[in-house]
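Residue numbers (the numbering used here), protein chains in the order written: chain S, 956 to 1176; chain Y, 956 to 1176.
Number of protein chains: 2
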Amino acid sequence: MDAMLDTEGKETSATHGAYRRLRAMILTGELPPGQKLKIEQLRGLLDTGASPVREALSLLTSDMLVERIDQRGFRAAPVSKCNFEEILLLRCNLEETALRASIANADSAWEDRLVLRHYHMKKAGQKGAHDFEDAHKAFHMALLDNARLPLLLRYCSQLYDLNIRYRYLAAGVSSYKKRDINAEHQEILDAALDRDAEGAKRHLLDHYRRTGEYLSSQMES
Amino acid sequence: MDAMLDTEGKETSATHGAYRRLRAMILTGELPPGQKLKIEQLRGLLDTGASPVREALSLLTSDMLVERIDQRGFRAAPVSKCNFEEILLLRCNLEETALRASIANADSAWEDRLVLRHYHMKKAGQKGAHDFEDAHKAFHMALLDNARLPLLLRYCSQLYDLNIRYRYLAAGVSSYKKRDINAEHQEILDAALDRDAEGAKRHLLDHYRRTGEYLSSQMES
DNA sequence: ATGTCAAATAATATCGATATTTTGAGGAGA
DNA sequence: TCTCCTCAAAATATCGATATTATTTGACAT
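Structure representation (structure tokens):
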């Protein structure tokens, strides 16, 4: 009998809502690396109870976006060049494995999915849409998810998120899009559709390493 | 002024205590795969409040030992041959990377650590000590931790735990120790001390694959 | 006899409050 | 003047209770 105030009604549970919002704030840098995350402060910011905030922070700990310190609460995960380079290294390693397995399982349903994801990403990119990030991730995950290796996919997804956090922190998404990544994505897509594992892997890793060099160069802080 | 009842006093926080105990119960199979984990039931079992139990389950979700279902609570992660094989695959991939990086950074301090861990493991194994598992994991992690890649190490540790869960579920620890793993460990250690990356990797992966075949054969259920 | 709907039951998710721990400041002693 | 101890203030961790949500039971209609 609480008057059904949730007219927006998007979130199923307060915990999940807090999780998504905090996650977005950390990924975009709105909550800067290393910042102390006080329950009370966040409780006010998200206007919800302390329990959902606390549980959301716990969940973010698994994603390595939040660190828990002894009995002293939580803080946003710190960043470092070392950490960034490790993320890049692991992504190259794991995504190569996943991509090869995906291509090994290739079928026409997967090809259809790839083409669609790529199309949606291009469309979102042209409109400068807010959901380009989501479409971009969906395309990259679609490249990998035909491997049918859920643990591996989970790790790739985690590392992907950690990486775009660095992209946001370095310069925001705009400068990233200045480079012609359309051509790079097209190359990856074409190779995957040709079931050319070696070529797809090369294009994909080049794609990541190029972004990596760009970000690394901006990170002399 | 609560009379200082915690004479055992090992646990720093109720949450962490609940986490460790639940983790152990899931790894050993005391809480079988797929079982519904009701808060009330666990609250009684660990005699603590509902909040620590809830938070511990959240943390275990990150370790992929517990699954969260919609708004219907938690359950112990299910097992399958597929899942086991994926764990084995990822371990081989990730541990090879970590081991090579560890050896590339080799120094005498690391060698000392390795020798000590190996000695402790052997000692615990001879006595049939309860803490053989801990020593075994410590040795394997010591092989990898000189890579100084914390994310990678974390993944390896997670996968290690998921793997010993299958070992417990298949037969308990006893039958595993029947095989002569001492020789295998010695080969790995010697190759690592020789800074022979290729040999160490071969012995390590053989070690895992042999265990994997043994467990796979027992898993026609 | 069976399928469907509704009420009862059980479990979860959330809230408000308390107790414990940590942090910081200020004062006493060296 | 510096160090260490004590006390106050703030934040966290935990508990008990409530409201919300799912599940089951049972009755009724088909």
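Even for Gly, the Cβ is constructed at its ideal location relative to N, Cα and C.
Close Cβ partners of residue i (< 6 Å) along its chain, the five nearest in sequence each way excluded
i         : result
S:Gly1154 : Ala1146
Y:Asn1118 : Ile1042
S:Leu997  : Val1008
Y:Glu1051 : Lys1156
Y:Thr1016 : Arg1023
S:Ala1005 : Ile994 and Arg998
CB contact check: residue i to chain S, cutoff 9 Å
i         : result
Y:Leu1159 : no
Y:Ile1042 : yes
Y:Asn1048 : yes
Y:Arg1109 : yes
Y:Ser1006 : yes
Y:Asn1038 : yes
Y:Leu1045 : yes
Y:Ser1171 : no
Y:Ala1112 : According to the sequence as given, residue 1112 of chain Y is Ser; it is not Ala. No, its Cβ sits nowhere closer than 9 Å to a Cβ of chain S.
Candidates the options: closest to residue i by CA position
i         : options                                       : result
Y:Phe1029 : Y:Arg1009, Y:Phe1039, Y:Ser1035 and Y:Arg1068 : Y:Arg1009
S:Ala1093 : S:Thr970, S:Asn1060 and S:Arg1068             : S:Arg1068
Y:Leu1114 : Y:Glu1040, Y:Ala1061 and Y:Leu977             : Y:Glu1040
Y:Arg975  : Y:Leu1001, Y:Glu1142, Y:Glu1050 and Y:His1085 : Y:Leu1001
Y:Ala1011 : Y:Lys1082, Y:Thr970 and Y:Leu992              : Y:Thr970
S:Gln1141 : S:Met1019, S:Ala1084, S:Gly1083 and S:Asp1161 : S:Asp1161
Y:Asn981  : Y:Asn1060, Y:Arg1122, Y:Ala1084 and Y:Glu1139 : A small fix is needed here, since residue 981 of chain Y is Ile in this sequence, not Asn. The shortest Cα separation from Y:Ile981 among Y:Asn1060, Y:Arg1122, Y:Ala1084 and Y:Glu1139 belongs to Y:Arg1122.
S:Ala973  : S:Ala1059, S:Leu1049 and S:Ser1013            : S:Ser1013
S:Thr1003 : S:Leu1020, S:Pro988, S:Leu977 and S:Ala1125   : S:Leu977
Cβ-based burial, residue i [other Cβ within 10 Å; buried from 16]
i         : result
S:His1073 : buried
Y:His1091 : buried
S:Gln1026 : exposed
Y:Glu985  : exposed
S:Pro1033 : exposed
Y:Leu1045 : buried
S:Arg1150 : exposed
S:Thr967  : exposed
Y:Lys1036 : exposed
S:Ile1024 : exposed
S:Arg1120 : buried
Y:Leu1071 : exposed
Y:Ala1059 : exposed
S:His1095 : buried
S:His1085 : exposed
S:Ala979  : exposed
7 Å CB neighbourhood of residue i in its chain, flanking five on each side removed
i         : result
Y:Leu1167 : The question names Leu, but residue 1167 of chain Y in the sequence shown is Gly. Around Y:Gly1167: Leu1043.
Y:Ala1053 : Leu1099, Ala1102, Leu1104, Leu1107, Leu1108 and Cys1111
Y:Gln990  : Arg1030 and Ala1031
Y:Tyr1163 : Leu1043, Arg1046 and Cys1047
Y:Arg1055 : Ala1152 and Lys1156
S:His1158 : Glu1139, Glu1142, Ile1143 and Ala1146
Within-9 Å CB hit, residue i to chain Y
i         : result
S:Glu1168 : no
S:Thr1016 : yes
S:Met959  : Residue placement at S:Met959 is flagged as unreliable, the pLDDT there being 36, under the threshold of 50; the coordinate-derived value follows with that caveat. No, S:Met959 lies away from the interface with chain Y (no Cβ there is under 9 Å from its Cβ).
S:Pro987  : no
S:Glu1010 : yes
S:Asp1116 : no
S:Arg976  : no
S:Leu1104 : yes
S:Thr1003 : no
S:Leu1124 : no
S:Met1019 : yes
S:Asp1025 : yes
S:Thr983  : no
S:Ser1063 : no
S:Ser968  : yes
S:Ser1057 : no
Endpoints, beta strand (DSSP E) assigned at residue i
i         : result
S:Glu1022 : Val1021 to Arg1023
Y:Ala1031 : Phe1029 to Ala1031
Proximal residues to residue i (C-beta, below 8 Å), its chain only, five neighbours per side dropped
i         : result
Y:Ser1057 : Trp1065, Leu1098, Leu1099, Asp1100, Asn1101, Ala1102 and Ala1147
S:Asn1137 : Lys1077 and Gly1080
Y:Met1019 : Ala1032, Gln1113 and Leu1117
Endpoints, the alpha helix (DSSP H) within which residue i is located
i         : result
S:Ala1146 : Ile1136 to Leu1148
Y:Gln1173 : Premise fails: Y:Gln1173 is in no alpha helix (DSSP H) and is neither H nor E.
Y:Thr970  : Ala969 to Thr983
S:Arg1009 : Ala1005 to Ser1017
S:His1091 : Phe1087 to Asp1100
Y:Asp1067 : Ser1063 to Gln1081
Y:Ala1056 : Lys1036 to Ala1059
S:Gly999  : Ile994 to Leu1000
Residue i CB to nearest heavy atom of the ligand PLP below 8 Å
i         : result
S:Asn1060 : This structure does not include the ligand PLP; it has no bound ligands of any sort.
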